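My numbering applies: residue 3 is where the sequence shown begins, and numbers increase by one.
Here the structure is laid out as structure tokens; the discussion comes afterwards.
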Amino acid sequence: MKDPTMLDNVFERFIKNDSVFIDREVLRHDYIPDNLPHREGQIRCLGEIVAPVLKASRCSNIFVYGKTGTGKTAVVKYVLNRLMEKAREFGASVRVCYVNCRLAGTEYRIYSSLCDFIGVKVPFTGLALGEVFDRLKAGLDSRKLLLLVVLDEIDSLIKMRGDVLLYELTRINEALHRSRASIVGISNDLCFKEFLDPRVLSSLSEEEIVFRPYDAAELQDILWDRARVAFRRGVLVDGTVGLCAALAAAEHGDARRALDLLRVAGELAEREGAEYVLEEHIRKAEERIEHDRIVEALKNLTLHSKLVLCSIYLLRKAKINYTITGDIYNVYSELCDQSGIGPLTQRRVSSLINELDVIGVLNSRIVSMGRYGRTKKTRLSIARSLIKEVFATDDRLGRLIGYTPRCLAEFSRGRS
Ligand code: ADP
Ligand code: MG
Numbered sequence: 003m004k005d006p007t008m009l010d011n012v013f014e015r016f017i018k019n020d021s022v023f024i025d026r027e028v029l030r031h032d033y034i035p036d037n038l039p040h041r042e043g044q045i046r047c048l049g050e051i052v053a054p055v056l057k058a059s060r061c062s063n064i065f066v067y068g069k070t071g072t073g074k075t076a077v078v079k080y081v082l083n084r085l086m087e088k089a090r091e092f093g094a095s096v097r098v099c100y101v102n103c104r105l106a107g108t109e110y111r112i113y114s115s116l117c118d119f120i121g122v123k124v125p126f127t128g129l130a131l132g133e134v135f136d137r138l139k140a141g142l143d144s145r146k147l148l149l150l151v152v153l154d155e156i157d158s159l160i161k162m163r164g165d166v167l168l169y170e171l172t173r174i175n176e177a178l179h180r181s182r183a184s185i186v187g188i189s190n191d192l193c194f195k196e197f198l199d200p201r202v203l204s205s206l207s208e209e210e211i212v213f214r215p216y217d218a219a220e221l222q223d224i225l226w227d228r229a230r231v232a233f234r235r236g237v238l239v240d241g242t243v244g245l246c247a248a249l250a251a252a253e254h255g256d257a258r259r260a261l262d263l264l265r266v267a268g269e270l271a272e273r274e275g276a277e278y279v280l281e282e283h284i285r286k287a288e289e290r291i292e293h294d295r296i297v298e299a300l301k302n303l304t305l306h307s308k309l310v311l312c313s314i315y316l317l318r319k320a321k322i323n324y325t326i327t328g329d330i331y332n333v334y335s336e337l338c339d340q341s342g343i344g345p346l347t348q349r350r351v352s353s354l355i356n357e358l359d360v361i362g363v364l365n366s367r368i369v370s371m372g373r374y375g376r377t378k379k380t381r382l383s384i385a386r387s388l389i390k391e392v393f394a395t396d397d398r399l400g401r402l403i404g405y406t407p408r409c410l411a412e413f414s415r416g417r418s
């Protein structure tokens with residue numbers, strides 16, 4: 003290294019108290035503030051629905067939905083934390099088990115974390131799903147409990163694996179004699195109901211709470227509450243907080259996005275040694291966040307998802323914007339062939355396409371073909387250059403993004 007004191011300077015500047023932050027943790031996603039402005043209605047409503055458990059009655063199942071960053075997780079955790087405090091005060095045997103279904107990923111892991119929570123041992127893998135569920139029921143009934151099961155981001159599980167878990171869980175009380183369970187299902191997807199069997203839907207949504215997006219003024223209130231604790235006085239001006247709020251409101255009123263913008267802008271300002279967080283920091287933060295989000299998502303895809311995405315990339319490169327799954331599958335099979343990998347079935351590929359839709363890389367919609375029935379049409383929803391950028395660093399995909407599939411040549415001949 004040319005200048006050995008360089009790193010010293012970096013660290014010392016950080017330690018010296020001229021950071022723009024006082025406490026940046028306050029801006030993190032999992033921080034739950036004591037005050038949740040503009041959610042008083044939802045807080046009261048949820049409180050009223052769960053209150054019966056304090057008097058030893060089961061409460062209704064609740065279905066909570068709204069777009070990402072509208073405060074669902076924060077409000078549910080906040081209310082249920084307070085409920086648990088009250089339950090302890092009154093000696094009510096209430097338990098709240100929170101599971102994030104997207105992170106858990108499978109029914110097995112969701113059941114096993116519920117088991118774990120009530121002190122029933124199950125191995126990491128190996129048991130039949132039914133067996134884990136039976137142990138859960140037996141465990142619950144070995145004591146007299148009121149269990150509130152929070153299934154957060156339930157939509158991502160259901161879209162990939164169907165609604166069997168919800169079906170079983172919403173009927174669990176039929177098999178219980180002493181304990182009772184209620185479900186709080188949280189969905190980021192408003193159209194999630196379409197994925198549910200009507201019977202499951204009607205038992206899950208005994209009560210429903212909707213979280214509508216925040217507008218720019220509400221986001222400003224939320225941001226200032228957090229910013230006052232997070233930043234040193236005077237570092238922020240009205241204009242910058244307003245800009246974060248406006249940008250997040252223009253998208254879909256996402257408080258998480260607004261907080262991220264503010265945090266990343268603060269970090270950029272700090273790295274520059276700037277005294278204030280300015281509009282230009284917010285603009286740079288915006289680019290950085292979006293870029294990082296997609297790059298991260300692309301890097302973490304499984305090989306077959308990458309091959310599916312690469313197929314859609316090649317179709318798009320051949321100027322085919324909206325593609326049906328059959329065409330994607332043809333290109334995909336050829337790419338598998340090129341790489342010496344056995345292809346998955348078309349059905350599996352179709353569900354990989356759904357997963358890519360969930361993370362926002364693709365956009366699929368079902369269109370009616372009149373008397374030919376319905377078909378799924380898919381297009382890329384991110385820039386082609388971004389896929390190229392990420393895949394270029396990957397040995398196998400780096401080669402494939404330059405490849406011209408034979409079936410595409412036939413495809414365009416067939417069209418003309
Ligand atoms: P969702 O679960 O709907 O995606 P979250 O509850 O995770 O949204 O909220 C995203 C972020 O925004 C969290 O850091 C949360 O603390 C914050 N947030 C959301 N709504 C509010 C609010 N009304 N007041 C303060 N912070 C909020
Ligand atoms: Mg959430």
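The beta-carbon is built from N, C-alpha and C at its ideal position, and this holds for glycine as well.
Remember, predicted model here, so these are calculated numbers, not experimental data.
Contact holds between the stretch 313-332 and the stretch 375-384, because three or more Cβ pairs, one in each stretch, are under 8 Å apart. C47 is not a Cβ neighbour of V55, given a cutoff of 8 Å. Annotation: the stretch 149-232 contains the following complete segments of the alpha helix (DSSP H) (minimum length 4 residues), in chain order: 156-163, 166-172, 200-206 and 218-232.
Comparing C-alpha distances from Q348 to each of I326, A271 and G372 shows the shortest one belongs to I326. In this structure, the CA atom of V52 is about 18 Å from the CA atom of G73. Burial check for F393: the Cβ neighbour count within 10 Å reaches 16 or more, so the residue is buried. Using a 10 angstroms sphere on the CB of A271, the tally of other CB atoms reaches 16 or more, which defines it as buried. When R230, R111 and N102 are compared, the shortest CA-CA separation from L29 is found for R230.
Between the alpha carbons of F135 and F197 lies a distance of about 23 Å.
For L238, the CB contacts under 7 Å within the same chain, skipping 5 residues up- and downstream, are A229 and V279 in chain order.
Going down the chain, each residue whose beta-carbon is closer than 7 Å to a heavy atom of the ligand MG shows up: T70, K74, T75, D154, E155, I188 and N190. A buried status is given to H283, since no fewer than 16 other beta-carbon atoms sit within 10 Å of its beta-carbon. Put simply, the stretch 396-411 touches the stretch 336-356. At least three CB pairs are less than 8 Å apart. A residue is called buried once 16 or more other Cβ atoms fall within 10 Å of its Cβ, and A287 is buried on that count.
Around the beta carbon of N83, fewer than 16 other beta carbons lie within 10 angstroms, which makes this residue exposed.
Distance from the CA of G164 to the CA of S307, rounded to the nearest whole angstrom, comes to 19 Å. Shown here for L138: same chain residues with a beta carbon closer than 7 Å to its own, the five before and five after excluded, namely Y113, L116, C117 and V122 in chain order. As computed with DSSP, G68 is found in a beta bridge with F213. When the Cα atoms are used, N102 and I185 turn out to be separated by approximately 13 Å. For R295, the Cβ stays outside the 7 Å cut-off from all heavy atoms of the ligand ADP. Minimum Cα-Cα distance from V297 among the listed residues V310, G362, N356 and A250 corresponds to G362.
The secondary-structure analysis by DSSP pairs N102 across a beta bridge with D154. Between C99 and V166, the beta carbon gap of about 19 Å keeps them out of contact (Cβ cut-off 8 Å). The alpha carbon of G268 has as its nearest neighbour, out of D199, A257, S366 and E281, the alpha carbon of E281.
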